[in-house]
Amino acid sequence: MVPTIESYGEWIWISKYYRRGRGVQIGDLVSFKSPIVAGEQAVKRVVGLPGDFVLMDTPGKSDTMIQVPEGHCWVAGDNLLYSRDSRTYGPLPMALIKGKVLAKYNFHRYYPSGFTWLDQGLQPAVEDDDFD
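Using full-length UniProt numbering, read the sequence shown as starting at 1 and increasing by one per residue.
Now the structure itself:
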């Protein structure tokens, strides 16, 4: 989820109210159990809910659409080029969602600058050259 959440050095606050996808909306950051690696957890942004049509691949690569099935959502990372998300493992079962990510804390910075409420809602995709 770089640049929204760094790979290391940040803690995240998760609301379990949204467990199993309850009340999740498009643009929300969710924490979930990985559908492909046992014991691994991930954080991604919800970009499609049941019944929505979403692009199956990276924008510009293919125009193939898929309808998100009932009981699932489609998730994507903010750094599309390097993200392992629904484009890799397909629709995410809502039952795997552990909660909604509300805030982060960078423990290398001092309070209050280390604490940040996270923006919910869709974010612009990050281009690869944004990290140079």
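A virtual CB, placed ideally from N, CA and C, is assigned to each residue, including glycine.
{"Query": "Grab the span of the beta strand (DSSP E) containing S62 for me, first residue to last.", "Result": "Taken as a continuous stretch (DSSP letters only), S62 belongs to no beta strand (DSSP E), as it is neither H nor E."}
{"Query": "The beta strand (DSSP E) spanning T88 covers which residue range?", "Result": "Counting along the chain, T88 falls outside any beta strand (DSSP E), though it belongs to the alpha helix (DSSP H) covering S86 to Y89."}
{"Query": "Check whether the segment 88 to 104 and the segment 8 to 21 touch, using three or more Cβ-Cβ pairs below 8 angstroms as the test.", "Result": "yes"}
{"Query": "If I measure Cβ to Cβ from D85 and keep anything under 6 angstroms in the same chain, skipping five residues before and after, which residues do I get?", "Result": "K44, V75, A76 and G77"}
{"Query": "For G60, which option in E70, Q67 and L81 has the closest C-alpha, if you only look at C-alpha atoms?", "Result": "L81"}
{"Query": "Using alpha carbons as the reference points, say which of S83, D57 and V47 lies closest to H72.", "Result": "V47"}
{"Query": "Rounded to a whole number of angstroms, what is the C-alpha to C-alpha distance between V101 and S62?", "Result": "30 angstroms"}
{"Query": "Hey, how far is the Cα of F131 from the Cα of T4?", "Result": "Low confidence applies to F131: its pLDDT is 49, below 50, so where it sits in the model is not reliable, and the reading given next is rough at best. Their backbone Cα atoms lie some 13 angstroms apart in a straight line."}
{"Query": "Could you tell me the distance, in whole angstroms, from the CA atom of G39 to the CA atom of G114?", "Result": "28 angstroms"}
{"Query": "What's the gap between the Cα of F53 and the Cα of E10?", "Result": "33 angstroms"}
{"Query": "Beta-carbon within less than 6 angstroms of D119's beta-carbon, same chain only, minus the 5 sequence neighbours each way: which residues are those?", "Result": "none"}
{"Query": "At which residues does the beta strand (DSSP E) containing L29 begin and terminate?", "Result": "L29 to K33"}
{"Query": "So I27 and G121 are in contact, right, with Cβ under 8 angstroms, and what is the actual spacing, rounded?", "Result": "The sequence shown places Gly at residue 27, not Ile. Going by Cβ atoms, the distance from G27 to G121 rounds to 4 angstroms, so yes, they are a contact pair."}
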